[in-house]
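These notes are about the structure you will find just below.
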Amino acid sequence: MIAESRDDLPAPSDGARAEGATVRDAGEFGVIRRITAGRVQPAATLIGPGDDAAVVSLTHGTVVASVDMLVEGRHFRTDWSSPHDIGRKSIAQNAADMAAMGARPLTFLVGLGCPADTPLAVTDALNEGLWEEASAVGAGIGGGDLVQSPHITVSVTALGDLDGRRAVLRSGARPGDLIAMAGETGYSAAGLELLTRGIAPGDAATRECVAIHRTPRPPYREGVAAAEAGAHAMIDTSDGLLSDLGHIARASGVRIDIDTAALGCPEPVRAVAAICGTDAMAWVLDGGEDHALVAAFAPQSAIPENWRLIGSVSEGEGVTVDHTTRSADGWTSW
1 MIAESRDDLP APSDGARAEG ATVRDAGEFG VIRRITAGRV QPAATLIGPG
51 DDAAVVSLTH GTVVASVDML VEGRHFRTDW SSPHDIGRKS IAQNAADMAA
101 MGARPLTFLV GLGCPADTPL AVTDALNEGL WEEASAVGAG IGGGDLVQSP
151 HITVSVTALG DLDGRRAVLR SGARPGDLIA MAGETGYSAA GLELLTRGIA
201 PGDAATRECV AIHRTPRPPY REGVAAAEAG AHAMIDTSDG LLSDLGHIAR
251 ASGVRIDIDT AALGCPEPVR AVAAICGTDA MAWVLDGGED HALVAAFAPQ
301 SAIPENWRLI GSVSEGEGVT VDHTTRSADG WTSW
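Laid out in structure tokens, this is it:
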């Protein structure tokens with residue numbers, strides 16, 4: 001998403017500057033940096049690229065805006081997910097960005113590209129999924145666009161309201177803060193592993209992980225709760241817990257340490273890891289698309305009820321796990 005860029009992002013590699021370089025050479029954040037470098041935002045843009053959503057000033061307030069895109073074969077497979085699932089997932093990842101700013105979704109704008117021979121039953125079911133998830137957060141589908149394309153592509157723009165609060169940015173974490181999380185991580189990665197291996201979900205654990213991969217369950221209302229509790233910084237775990245905490249660490253100029261004993265590992269994720277012979281904690285730390293929320297709070301803050309402490313903030317840089325350096329292995333677009 002272009003709404004995720006700022007000076008804390010890594011510079012393009014030397015190879016990415018060479019003639020004939022590709023987006024794969026530059027990497028996702030290298031491409032974003034090139035797109036945004038030297039661009040001056042108009043005065044109405046209060047928060048531009050660099051957080052989960054933009055904040056735009058209106059005559060009588062502000063609007064929070066973000067956009068995300070799902071492409072068939074890259075973000076979903078129609079043999080794994082129903083059109084209804086795809087619709088819900090498209091809204092979920094955008095509504096999670098609103099929550100990560102402490103905003104309440106107002107409406108969504110949807111752009112749909114699909115082949116001309118796409119059955120109406122598919123677009124009808126997709127629309128039902130879009131509306132179901134939008135309604136779950138008290139919003140609707142305010143409009144959009146339809147075009148012909150070789151593959152199904154869904155682009156969603158979310159517009160939200162801060163209700164008079166300041167946006168919670170990635171850049172506000174301070175040494176001494178506590179890191180807390182609402183929701184869980186690891187489920188989506190575990191579900192993806194089952195689908196990739198062709199393992200049919202049979203018990204409750206495998207069914208739950210596959211279901212969450214198909215349709216994430218972000219803790220939407222916890223974003224507003226964190227904002228009201230005075231969270232200093234916040235993000236959703238779209239790319240993986242360590243990767244996304246890395247964005248907060250870079251933007252805030254701090255070090256974040258995660259306590260795995262406090263973080264824990266959900267039983268269904270452990271069960272799938274046992275089936276697959278995989279390290280469950282790797283999914284919890286690096287698996288994306290669960291869209292849990294993580295935030296930094298002042299040590300004297302009253303942490304909201306549905307949040308739990310998982311780490312701390314100190315002077316320094318980067319993200320450590322149990323005070324040990326560990327490379328993040330989350331999602332990147334290329």
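Here full-length UniProt numbering is used: position 304 in the sequence shown is 304, and no number is missing along the way. Just so it is clear, CB atoms sit at the ideal spot from N, CA and C, and this is done for glycine as well. Model, not experiment: these values are computed from the prediction.
Distances from the alpha-carbon of residue 92 to those of 78, 132 and 64 put 132 closest. Annotation for residue 209: the continuous alpha helix (DSSP H) segment containing it runs 204-214.
Of the residues assessed, residue 228 falls on the exposed side of the cut-off, its CB having fewer than 16 other CB atoms within 10 angstroms.
In its chain, beyond the 5 residues on either side, 182 and 222 have a beta carbon closer than 6 Å to the beta carbon of residue 306. Counting along the chain, residue 69 sits inside the beta strand (DSSP E) bounded by residues 61-71. For residue 123, the secondary structure class from DSSP, reduced to helix, strand or coil, is helix. Buried is the label assigned to residue 90, since at least 16 other Cβ atoms lie within 10 Å of its Cβ.
Segment contact: the segment 169-184 against the segment 113-133, fewer than three CB-CB distances shorter than 8 Å; contact not assigned.
Pairwise C-beta distances place the segment 153-166 out of contact with the segment 232-251, as fewer than three of them are shorter than 8 Å. Annotation for residue 310: 179, 180, 181, 258, 259, 262 and 263 place their beta carbon closer than 7 Å to its own, counting only its chain and skipping 5 residues before and after. Between the C-alpha atoms of residue 64 and residue 160 there is a straight-line separation of about 5 Å. Bridge pairing for residue 155: 69 and 111 [DSSP]. The distance from the Cβ of residue 218 to that of residue 95 is about 7 Å, consistent with a contact at the 8 Å cut-off. For residue 256, the secondary structure class from DSSP, reduced to helix, strand or coil, is strand. With respect to the C-alpha of residue 312, the residue from 280, 281, 248 and 130 having the closest C-alpha is 248. For residue 55, the enclosing beta strand (DSSP E) starts and ends at 54-58.
Scanning 244, 192 and 256 for the CA closest to the CA of residue 293 turns up 244.
Nearest in C-alpha terms to residue 269, of all of 297, 298, 287 and 36, is 287. The beta-bridge partner set that DSSP reports for residue 313 consists of 256.
Residue 269 sits in a helix when the DSSP states are folded into three classes. Short of 7 Å from the beta carbon of residue 134, and not among the five residues preceding or following it, lie these beta carbons of its own chain, in chain order: 91, 108, 140 and 141. Linking residue 20 to residue 121 through their CA atoms gives a straight-line distance of about 43 Å.
Apart from sequence neighbours up to five positions away, the residues of its chain that approach residue 208 with a beta-carbon distance below 6 Å are 268, ordered along the chain. Of 50, 44, 43 and 130, the smallest CA-CA separation from residue 32 is found for 50. In terms of Cβ geometry, residue 326 and residue 242 form a close pair [threshold 8 Å]. DSSP places residue 147 inside the beta strand (DSSP E), whose first and last residues are 140-148.
Contact annotation: residue 130 and residue 87 have beta-carbon atoms nearer than 8 Å. Residue 234 is positioned such that its CB atom lies no closer than 8 Å to that of residue 316. Taken atom to atom, the span from the alpha-carbon of residue 80 to that of residue 137 is near 25 Å. The closest CA to that of residue 123, considering only 83, 151 and 162, is found on 83. Boundaries of the beta strand (DSSP E) harbouring residue 46: 45-47, taken from the DSSP string.
With contacts defined as CB atoms closer than 8 Å, residue 210 and residue 201 qualify as a contacting pair.
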